[in-house]
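**Q** One rule links them: number in my numbering = place in the sequence shown (from 1) + 5.
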Amino acid sequence: MAGLFLTREEQAMLDGAEGPGVQRAMRIVVALGRIYGAAELVPIKHAQIAGVSYKNLGDAGVQFLSRWAEEGARVRVPATLNPMGMERDRWQAWGIPPDFAQPQLSVLDAFARMGVSPTMSCTPYLWQGYLPARGDTLAWAESSAVAFANSVIGARTNREGGPSALAAAIVGRTARYGYHLDEERQAGLVVEVRCPVRTVADFGALSYVVGKAAGQNVIWFADLAAWLPALPGELTAGGPAVDRLKTLGAGLAAYGAVALYHIAGYTPEARDLGESLIRPDAQRMVVESLAEAYRVMDADPDLRHIDLVAIGCPHASLSEIEEVARYLAGKTLATRLWVTTARATRERAAELGYVQAIEAAGGEVVADTCAVVAPLHLLGVRSMATNAGKMACYAPMHSGVRMRFGDLEACLRAAVTGEWGS
Ligand code: F3S
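1. Is the separation between the beta-carbon of A321 and that of T350 shorter than 8 Å?
2. Kindly indicate which three-state DSSP category Y332 falls into: helix, strand or coil?
3. With the cut-off set at 8 Å, would you say R309 and G426 are in Cβ contact?
4. Assuming W96 is part of the alpha helix (DSSP H), what are its boundary residues?
5. According to the Cβ coordinates, are M91 and D373 closer than 8 Å?
6. If you reduce the DSSP assignment to three classes, tell me which class A420 lands in.
7. How would the residue list near ligand 1 read, in chain order, if you kept each one whose beta-carbon is closer than 6 Å to any heavy atom?
8. Return the first residue and the last residue of the beta strand (DSSP E) that T137 is part of.
9. Looking at the structure shown, is M6 part of a helix, part of a strand, or coil, going by DSSP?
10. Kindly indicate which residue of L211, T241, A330, V195 has the alpha-carbon position closest to the one of H267.
11. Does the beta-carbon of M6 have 16 or more other beta-carbons within 10 angstroms, so that it is buried, or is it exposed?
12. Put C398 into one of helix, strand or coil per three-state DSSP.
13. Which residues in the same chain have their Cβ closer than 6 Å to the Cβ of Q39, if we skip the five residues on either side of it in sequence?
14. Could you please give the first and the last residue of the uninterrupted alpha helix (DSSP H) stretch that includes A258?
15. List, from N- to C-terminal side, the alpha helix (DSSP H) runs of 4 residues or more that fit wholly inside the region 349-390.
16. Quick check: what's the CA-CA separation for A52 versus D307?
17. Grouping DSSP H, G and I as helix and E and B as strand, with all else coil, what is M302?
18. Using a threshold of 8 Å, state whether the C-beta atoms of P123 and A150 are closer than that.
19. Kindly identify the DSSP beta-bridge partner or partners of A115.
20. Roughly how many whole angstroms lie between the Cα atoms of P237 and E76?
21. Looking at the structure shown, is V205 part of a helix, part of a strand, or coil, going by DSSP?
22. Mind checking which residues open and close the beta strand (DSSP E) that includes Y41?
23. I'd like the list of long-range same chain contacts for Q361, defined as Cβ closer than 8 Å, with 5 residues on each side in sequence excluded.
24. Taking 7 Å as the limit between beta carbons, can you name the residues of its chain near R199, skipping five residues before and five after?
25. Is G107 buried or exposed, if buried means 16 or more other CB atoms sit within 10 Å of its CB?
26. Just grab the DSSP bridge partners of H320 for me.
27. Determine the direct distance from the alpha carbon of M389 to that of T422, and round the result to whole angstroms.
28. Run through the DSSP bridge pairs and tell me what T128 is partnered with.
29. Would you identify the three-state DSSP class for V223, choosing helix, strand or coil?
30. On the CB-based measure, 16 or more other CB atoms within 10 Å of its CB, does A84 come out buried or exposed?
31. Just checking my contact of I175 with A78 at CB under 8 Å: how many whole Å lie between their CB atoms?
32. Are the region 53-65 and the region 167-183 in contact at 8 Å, needing three or more beta carbon pairs?
33. Write down every uninterrupted run of the beta strand (DSSP E) in the region 46-84 whose length is 3 residues or greater and which is fully enclosed by it, in chain order.
34. Count the other C-beta atoms from every protein chain shown that fall within 10 angstroms of the C-beta of L357, then say buried if there are 16 or more, exposed otherwise.
35. Alpha carbon to alpha carbon, what distance is there between T162 and Y184?
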C-alpha cells in the first residue's frame, strides 16, 4: 500500500466486501494510483466512458464488459458513453450486418446493466444533462472532452482509459494525480500565433502544428484570444467559440497528447491566475503560418470523388447543425453527408427544423456514432472529406479511407457536387 492512503470504506471495496464487480473496479483505480504515486483517492462527480464501439473492442472487449456487469457492478455517479459503431435505430437501414450489430448491442446492454446512460456522444458538455463546473473532479476518457473540460470549463480530469473511467464510476472515486494537482496544470509550452485563425478548420490546422510540438505538455496560448469571440454564458448550444475550442482540443489530443491548454485572458484558470501558470522552464514556439498543416492534413490532393462528407468531430453542436442546414437550404446533395451529433442535440435541432432541412437536401444527422468508430468499410465508404482536424488524422488511420481536409464551405460544396474542389 506504500504511499496510497485508502479509507476504511475504500479498503473494504478492495477486499471484496461489495462484491467482485466493485473489487475489480477498485483494483484498477488503486493500481493506477500506485503507478502514478497518488497519495489518496478523491470522489468524482461524473464519468465519461470511451471504448464503446465493437469495431475497437472486438469479442474480447464484449466478454470483458459482460462479465463485469454479471459481477453486479453498478456505477455510483452519473456516467455517460462515447459513440459506438452504429446508430441504434438505423443500423439495419444502413446495411450493417448482424454479426457487427449484435455484439455492439451486447456492449450497450452491458453498460446499461451497470447503470451507464446510453448517450453515445463525445461531447458530454453539450446537452447531456450534466455540465461540469470549474473545479469539479471527473473521470473522463474521451480525449477531446478531457481537453475541453480541463481547459474551457476548468474542471479536473486525467485522460482516463475506457476501463479506468468505468472503474472510477463504479467506485465513485479516482486516484489524485496528474491534472487533479495544481502543479500539473502549469504550462510547459508557450505558443504565440502570428497568423489568422478564423474557422473551425483553421483551429484544427493549428492543433496539428502545436500538437506535434507539444507532446504531453500543458500549453499556454499567449495571444489566441484575439481570434475567439467571447464564450457564451451557456455552453450547451455551442456557438463560434465553443465550436473552435472543441476542435482545437480534439486535435491537440490527437496530434499530440495534450489534455489541458490555457488561453491568456480567456480560459478560466488563465483569467484568474495569469502567467503564474507558466513553468519557469517552459519552451516557446511561434506559429507563423498554417500552410504546412493544411498541406499535411489535406494529404491526398489528387482525390476528387468523395463518398462521405463528415461534419461533427467532436460531435456537432446545435450551432454547427444550424450552419449546415442554412447552407443546404434549397440544394440537393450528390454524395453522402453525415452530421454526427449527440442524440439530445439532434432532438433539439429537429425542434428547430434543422434536421429536416438537412434531410430534405439528402443528408443525415447521425446520432450515437461517428465516421471513425463506425465500420466504414461495411458501408462502402472509401473516400471522405471533413473540416475536423481530429477526423482528418484518425479516419485514414482507423478506417483506411482517403481524405480531403478543408473548411466547412469546401466540405459542403463537395457534398453538393460529389467532387472536391469543383
Ligand atoms: Fe468524437 Fe468520433 Fe471525433 S468520437 S471526437 S466524433 S473521432
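Beta carbons: idealized from backbone N, C-alpha and C, even for Gly.
**A** So, to answer that:
1. A contact, by the Cβ cut-off of 8 Å.
2. helix
3. Taking 8 Å as the Cβ cut-off, R309 and G426 qualify as a contacting pair.
4. Note, W96: alpha helix (DSSP H), 96-99.
5. yes
6. helix
7. N87, P88, C127, S149, A255, C318, P319, H320, T345, C375, V377, V378, K395, M396, Y399
8. According to the sequence displayed, residue 137 carries Pro and not Thr. Counted as a single uninterrupted DSSP element, the stretch harbouring P137 is not any beta strand (DSSP E), since DSSP gives it neither H nor E.
9. Residue placement at M6 is poorly supported in this model, since its pLDDT is 46, which falls under 50; the coordinates are not used for a value here.
10. V195
11. Any answer about M6 is weak, because its pLDDT of 46 lies below 50 and its placement is not dependable; what the coordinates show is given next. When all chains shown are included, M6 counts as exposed.
12. helix
13. Looking at the sequence shown, residue 39 is not Gln but Arg. Counting only Cβ-Cβ distances below 6 Å, and skipping sequence neighbours, we find L9.
14. 245-260
15. 359-366
16. Taking the straight line joining both Cα atoms gives about 43 Å.
17. helix
18. no
19. Paired residues: none, contrary to the question.
20. So the alpha carbons of these two residues sit roughly 44 Å apart.
21. For V205, the secondary structure class from DSSP, reduced to helix, strand or coil, is helix.
22. Where Y41 is concerned, there is no enclosing beta strand (DSSP E), given that its DSSP letter is neither H nor E.
23. A355
24. V291, V292, E293
25. Sequence inspection shows Gln at residue 107; the Gly mentioned does not correspond to that position. With fewer than 16 Cβ atoms within 10 Å of its Cβ, Q107 is classed as exposed.
26. In DSSP, H320 forms no bridge with anything.
27. 14 Å
28. According to DSSP, T128 bridges with nothing at all.
29. coil
30. buried
31. 5 Å
32. yes
33. 46-48, 51-54
34. The residue is exposed, with fewer than 16 neighbouring Cβ atoms inside 10 Å.
35. 6 Å
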